[in-house]
Every structure is written in structure tokens, then in C-alpha cells.
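What follows is a set of notes on a single structure, which appears directly below.
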Amino acid sequence: MENKRPTVYEECRQKGISRRDFLKFCTTMAALMGLESSGVAQVVNALETKPRLPVIWLHLQECTCCTESFIRAAHPIVATLLLDKISLDYTETLMAAAGEQAEAAKEETMKKYYGEYLLMIEGSIPTKDEGYCCVGGKSALQITEEAAKGAKAIIAWGNCACAGCVQAANPNPTGAKAIHKVIKGKPIINVQGCPPIADVMAGVIIYMLTFERMPQLDGLGRPKMFYSRRVHDSCYRRANFDAGLFVESFDDENAKHGYCLYKVGCKGPSTYNSCGIIKWNEGTSYPIQSGHPCLGCSEENFWDNSPFYKRMPDVHGFGIEATADQIGLALGTATAAGIAVHAVATNIRKKKLIDNEEPESTSNI
Amino acid sequence: MKSRKKRLTEVYVWELPVRIYHWVNALCIVILCITGFIIADPPAILNASEAYFSYWFGVVRFIHFVAAFVFFFNFVFRLYWGFVGNRFARWTNFIPLKKSQWQEVLEVIKVDILMIKNKPVESIGHNALASLIYFGTFWAFLLQSITGFGLYAKMSQSVFPQLFAWTIPLMGGDLMARQIHHFLMWFFILFAIVHVYLVFYHDYIEQRGETSSIIGGWKFIEEDIADKEEITETAEAITKIAKKND
């Protein structure tokens, strides 16, 4: 059975998942991806006929929240299916093997499925000193480069792998870099978020399996099917925004009314994600629904665009923290002062500038 | 009675389209700044109404977007007029490619800013420093339009804003674009303050009717300077015709 890998459907049946549940899962996935109803058949067909995807899942500089999110997918079958069925050949957190055995499993997958396996990466790569992040005696950079060589495509999970997240925030002590900044020449999908929504993660994998191609990506490498809409535009509090009803502070009457969180720093208007639609934890809620402004975790540099609870980010690098308005006002005051001085100086040398006045004549009256 | 012994003549400097452009632009900038401030930091209205009953913030944003479209196409029109307008409106005024323009910039700095020279610069239209600053503002106009329409693209179904959408990822996302957009607004405000002051200043020391010229189009120019200008203009016209005949 070395060359014939079982399909996802076959493994489902073995695990005792009914065809009905399997179809439900396929429909959910197709809906998440925004496919039309005929797309469901394509997903079903793919999972029935295509062998499962070999996957290597690397953990670099990260907090494992992507994995944590992943195993909490909304559809119960998603988790089982994905964890058991896409054959996570190597993932430190979830695999039974450890140490040498684990590394051997990775080596084997890399050799056996060269050019076929999906490489999923959680975490950023330190570049200032490679030694900041080592697994099994190899640096994060070495591990990634080795694994990337034979990968069909790379999926970068979460803000760490997509943009560096908190490690890359100013002053970025480890020189943390996103995967796409280090690895060139491989198709990379940035599945953004801190962490990404579990169902989004599942959706991307199923898409790759079904269509065997890269999903459409936006300018920042994020799959468009999940990251093309602003959190703001899919927000259920949006009507309050348009009506100019805002929460002024977290304990005020407006907060109780569930008004818009724009003025307490919501980054929804500049954040692209599916939180407002798919939501979290089996569709229970998402930050804004629980009264907390969006932090913009699926955007680059979201840590540096702090403070989280103010509309305008502070500007760094002046020694003091200041917003654009404070700087603008200071410059405006300086300009007004400069003008005042200039006006006074002009009047002092008025005689020299305007010296062509006729003497006031009184003779001809 | 006080009077001046200057011999002045009237020169038509700012053509009607230039004047219309100027005032439309000024109006747009005022509207965009006011609505921009409101959008960035909306006033606190503590009432317990339902969102259903009002749409004022949406209206403010709508005004901002409409003004932005007017601002942009007004700007595009001005660029066009830089190729077909009179000698004072020409694009060559704004891009200092000639050595004489840079010399005049230095001259203006000496007279107006350092105040170490007293004889005002003779140019009839914009002086070279002003032109250079306007060239800078054109870039600010462009960048403001790019960031603005780039941000607007996601809320719009129309094709035009989508033309700017590609620039947002280059800036690293919406928030950075927003930040640039907000900073540039302050550039516009500072520019307006200095601009208005300098108009008064020049009107005061040069006595050419600078302030009213942007309403009526005419400036009072010293006869000898106007004559000199006319001679160069005629000479230029002759060389142009000569070139054509070749």
C-alpha cells in the first residue's frame, strides 16, 4: 500500500463517519469557500477520489495558537477529518512520535512525497541570529529551507508566518521575518490572523485538495475568498457607524447599547478577515460581538499600529509618542508663530520694501 | 492724499479656467479637511436612539467622497490646462528644469524668507519658489488621491476607485494608507495657512493686486517689467513659427 494512499472519503468510512456526515462536511466547506452549489459535487468528488495530501507542519517562532485554533474548527468533522485525514506527517504539537522518530518521519515524508507535500508553517524566522529558534539541532531558517525545497506549495499560518506578528514588532530583537520574505520561488498562501479562523484554515486546505491549484490571492498574499471583505463591511454594528452612534468608553451607556466601537480603537475599517461572517468557536461570537474592538490581527504590523484602544496609531521615532494630529497641531502652531515673526519683520523693513510713496501733498488742495 | 509714483499697466495673468480651478480646489480642500476631521474623530453624541433613525455619519462620509471626486477631476483638469493655458499656467513654470528658475528660487528665498535683499522678484505669474512649492503640492494631491481612492475602493462598486486599489498593499495595508492620508491632510492645512499669508504679504510689498488677481485675473505690473515680458513672449512666438516653417 506504499503507493496507493487512501482517499479522504475512504479514511472517513474506516473511522465510522457516515456518508451523510461526510456530505454535510463537504457542503459546509463549499459554502465557506463561497462556491456555487455545483461546487459541492466537486469537493465531494475530490475527497472521494484524490489521495490524501501529505503535510509537513513546522513550528517556528510562534505561540501555537494557530494549531489551537485549527483543532477547534466549527464542524466537528473538520477537526477529525483534517487531523486524521490530511495526514499530518509531521507536526511537533500533535504527533505521537517525538525526538529522533519525529525527525525521521519528516525526512521520510520529504523524500517520499518530494514535490507533492504541502508545507504548512506556523511562526516567523529569526534572521538576526539563527540560533534564536532551533528544533532538533537545526535553525528555523535551515529547517524551512530544507522543507520548502520539495514542497508543492507553502501555507503560512497566522500573522507570525505572514507578517512577523509580535516578534517582528518594533524593535524586533530577533530580526523576525515572515516566510514570504525569506523563501523565494515557491507559491505561498498567507492565511492571516492571530490566529486564523479554524474554518478558514480548513477551507484553504480543502480548496487546495479539491482544485489542486492556488486560491486567488490578494495583494498581501491572502486568499481572496476569506480576506476580500473588511471586517467593517460585514460588521453587525455597522448601522451604528453610519448613524454616528459610537461607544465613547467601555463602561458607558453607548457600550451597553452595542454602538459602534470605532472611537475606542476598532481596526475593523482597515482589516480584512471573515470574523463577521464565519465567526469563532463554532460560530459563537467574535471580538466585536463581545464588545471588544477589532485589533486588526490579520493585517501587517498590527502590533506597531497600537495603541489598540485608540483610533489613530501613535507615531514612533520622535522620542515621544504622538499622533498625527498632535504633530500636525504642533507644526501648525510653529507655522503661525513663524508667520507672526515674518509679518513683524516685514513691517520693520517696510520703508525699504515700499519706498516709492509720494510725500503726502497738501499744496494742491 | 497718499499716492504712489509707480507706472503700472494691467496684465491678464490668471485665465478664467485657472481661477475656477483655484476656487473649486480651495472649496474642496476646506470641505475635505472638515469632513476628514469628523471622520477621523466623530463628535460624541450621547443619545439613546436606534441606528435606524439616522445616517448623519454616512452623510459626512458621502460629502467627503463626493468632494474627493470633484477635487481629483479638478486637479486632472488643471494638469490639462498646464499644456493649453497661457504662459503663466504652463507646466514648464512648475518644474524647474532651467538654471534661471533655480536662480530665481534663491532670489525669492533671499528676499522673502532670509530678508537680506529688498528688491522684489520681477516675475509676473508665480515666482519660481512658489511654482516649485506648487509642484510639490501636485505630488501631495496625487498621493492624497491615491491613498484616498485606494481606501475607498473596497466600499465602491465603480471602476474608477479600483484603479487605485493596487497601491494599498504597497503601503502595507489600509491602516498605513489611512495614516499617510491623515498626515497629508495636515500638509494641506499648513500649506493653506502659509499660502494665504504670503498672498497678503506679496500684495502688501509688491502692490500688484495679488489678492484680487485670483478673482478678476488681472495684475498691476510695472510698465517696464510688462514690456520686457511682452518682448520675450513675442520673441518666443516668432521662434516657434520659425521652427514650424523649417
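Protein sequence lines correspond, in order, to chains A and B. Note that the UniProt record's numbering gives residue 338 to position 338 of the first sequence, counting from 1, and the numbers run on in steps of one. Note that the UniProt record's numbering gives residue 210 to position 210 of the second sequence, counting from 1, and the numbers run on in steps of one. A virtual CB, placed ideally from N, CA and C, is assigned to each residue, including glycine.
If you measure between the beta carbons of residue i and residue j, is that distance less than 8 Å?
i: methionine 208 of chain A; j: proline 187 of chain A; result: no
i: asparagine 159 of chain A; j: glycine 123 of chain A; result: no
i: phenylalanine 53 of chain B; j: phenylalanine 241 of chain A; result: no
i: histidine 180 of chain A; j: alanine 147 of chain A; result: no
i: leucine 132 of chain B; j: proline 96 of chain B; result: yes
i: tryptophan 303 of chain A; j: alanine 198 of chain A; result: no
i: glycine 217 of chain B; j: valine 13 of chain B; result: yes
i: valine 231 of chain A; j: glycine 268 of chain A; result: yes
i: methionine 312 of chain A; j: histidine 182 of chain B; result: yes
i: proline 196 of chain A; j: cysteine 66 of chain A; result: yes
i: methionine 95 of chain A; j: alanine 102 of chain A; result: yes
i: tyrosine 309 of chain A; j: proline 293 of chain A; result: yes
Determine whether the Cβ of residue i lies closer than 8 Å to any Cβ atom of chain B.
i: threonine 27 of chain A; result: no
i: methionine 120 of chain A; result: no
i: threonine 333 of chain A; result: no
i: methionine 312 of chain A; result: yes
i: isoleucine 339 of chain A; result: yes
i: alanine 46 of chain A; result: no
i: asparagine 172 of chain A; result: no
i: lysine 267 of chain A; result: yes
i: glutamate 103 of chain A; result: no
i: threonine 346 of chain A; result: yes
i: leucine 245 of chain A; result: yes
i: serine 270 of chain A; result: yes
i: arginine 230 of chain A; result: yes
i: aspartate 242 of chain A; result: yes
i: glycine 328 of chain A; result: yes
i: alanine 324 of chain A; result: yes
i: asparagine 159 of chain A; result: no
i: glycine 219 of chain A; result: yes
i: asparagine 305 of chain A; result: yes
i: asparagine 190 of chain A; result: no
i: glycine 193 of chain A; result: no
Taking DSSP as the reference, what is the three-state secondary structure of residue i?
i: valine 60 of chain B; result: helix
i: lysine 65 of chain A; result: Sequence check: residue 65 of chain A is cysteine here, not lysine. Of the three classes helix, strand and coil, the one that applies to cysteine 65 of chain A here is helix, per DSSP.
i: alanine 163 of chain A; result: helix
i: serine 139 of chain A; result: strand
i: methionine 1 of chain A; result: Since pLDDT at methionine 1 of chain A reaches only 41, below the 50 mark, its modelled position is unreliable, and no value is offered.
i: isoleucine 193 of chain B; result: helix
i: tyrosine 9 of chain A; result: helix
i: lysine 219 of chain B; result: strand
i: lysine 228 of chain B; result: helix
i: glutamate 10 of chain B; result: strand
i: isoleucine 365 of chain A; result: Note on isoleucine 365 of chain A: pLDDT 47, under 50, position unreliable in the model; the coordinate value appears next. In this structure, isoleucine 365 of chain A counts as coil in the three-state DSSP scheme.
i: proline 120 of chain B; result: coil
i: asparagine 170 of chain A; result: coil
i: asparagine 190 of chain A; result: strand
i: histidine 22 of chain B; result: helix
i: leucine 35 of chain A; result: coil
i: isoleucine 71 of chain A; result: coil
i: isoleucine 45 of chain B; result: coil
Under 8 Å, Cβ to Cβ, is there at least one residue of chain A near residue i?
i: arginine 19 of chain B; result: no
i: tryptophan 166 of chain B; result: yes
i: arginine 78 of chain B; result: no
i: valine 194 of chain B; result: yes
i: alanine 26 of chain B; result: no
i: lysine 219 of chain B; result: no
i: leucine 129 of chain B; result: no
i: proline 169 of chain B; result: yes
i: proline 42 of chain B; result: yes
i: leucine 143 of chain B; result: no
i: serine 54 of chain B; result: yes
i: alanine 153 of chain B; result: no
i: glycine 125 of chain B; result: no
i: histidine 182 of chain B; result: yes
Strictly by DSSP, which residues pair up with residue i?
i: methionine 120 of chain A; result: A:Trp57 and A:Ile155
i: lysine 240 of chain B; result: Paired residue(s): none; lysine 240 of chain B is not in a bridge.
i: cysteine 134 of chain A; result: A:Ser139
i: alanine 176 of chain A; result: A:Pro126
i: tyrosine 90 of chain A; result: A:Ile56
i: proline 51 of chain A; result: A:Thr7
Starting from residue i, find everything on chain E with Cβ-Cβ shorter than 9 Å and list it in chain order.
i: aspartate 224 of chain B; result: No chain E is present in this structure, whose protein chains are A and B.
| task | Taking only runs that begin and end inside the segment 196-273 of chain A, name each unbroken alpha helix (DSSP H) of 4 or more residues, in chain order. | result | 198-211, 224-227, 238-242 and 253-257
| query | What residue ranges within the segment 275-335 of chain A form continuous beta strand (DSSP E) runs of no fewer than 3 residues, ordered along the chain? | reply | 315-318 and 320-322
| task | Entirely within the segment 88-113 of chain B and at least 4 residues each: give me those alpha helix (DSSP H) ranges in chain order. | result | 99-108
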